[in-house]
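Quick notes on the structure that follows.
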Amino acid sequence: MHAQMRGENERARAPGSSMMHVQTILYPTDFDEPAKAARSYALALARDYGARLLVLHAVETLGAENVTYGEATSQPQPDAYRERLWKELREWVPVDPQVKIDYMLSEEAAVDAIVNTAAEQHCDLIVIGTHGRRGLDRVLHGSMAEQVVRAAPCPVLVVKPIGHATHISHERS
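Residue numbers (my numbering): 810 to 982.
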């Protein structure tokens with residue numbers, strides 16, 4: 810069977826087609842170690858597919874409580890905090906001549922920001938880092954990556970930092 814595109818902007822492929830068509834990759838970051846591991850995958854995949862990389866950072870508020878004393882005395886709020894976040898984003902994923910990179914800040918809870926951005930920007934893939942928590946730690950802190958996988962409108966690649974392997978028991982009860 811011959812797979813055909815249904816339109817210039819269509820992402821769907823015929824059933825059975827093994828080729829992924831990736832135009833936009835969403836890479837959410839909170840600037841931690843798992844996000845650093847996911848960054849390498851997101852950039853490499855964007856290069857390989859010739860895809861746009863959308864770098865997202867979500868904060869629930871850009872209000873005055875997030876502004877440092879120095880910023881509060883020298884600049885209008887919350888502009889200083891917002892500018893600091895833009896700078897961090899651009900430093901976290903610097904310009905790459907082989908990849909079109911766009912940056913976004915969202916004032917939503919992280920999971921909502923990721924899922925909503927993926928839908929609104931028609932993302933074909935989300936590349937997200939995870940701590941790989943298990944047991945009580947997972948119960949107490951939850952798994953943002955798992956929530957994203959469940960709610961995302963597209964496939965999700967979950968990346969754990971190297972050296973953070975978790976033991977999986979193969980015992981049967």
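Just so you know, even glycine gets a beta-carbon here, dropped at the ideal spot from N, CA and C. Remember, predicted model here, so these are calculated numbers, not experimental data.
{"Asked": "Hey, quick one: how far does the alpha helix (DSSP H) through A867 stretch, first residue to last?", "Found": "No alpha helix (DSSP H) contains A867, which is instead part of the beta strand (DSSP E) from R861 to A867."}
{"Asked": "Helix or strand or just coil, what does DSSP make of D839?", "Found": "coil"}
{"Asked": "Report yes if the CB atom of T838 is closer than 8 Å to the CB atom of A860, and no otherwise.", "Found": "no"}
{"Asked": "Which residues does DSSP pair with M913 in a beta bridge?", "Found": "L865"}
{"Asked": "Tell me which same chain residues have a C-beta within less than 8 Å of the C-beta of W895, skipping the five on either side of it?", "Found": "Y912 and L914"}
{"Asked": "For a cutoff of 8 Å on Cβ pairs, would you count P962 as touching chain D?", "Found": "The structure shown contains no chain D, having only a single protein chain."}
{"Asked": "Rounded to a whole number of angstroms, what is the C-alpha to C-alpha distance between V920 and L865?", "Found": "11 Å"}
{"Asked": "For I935, name the three-state secondary structure that DSSP assigns.", "Found": "strand"}
{"Asked": "Can you tell me whether V924 is helix, strand or coil according to DSSP?", "Found": "helix"}
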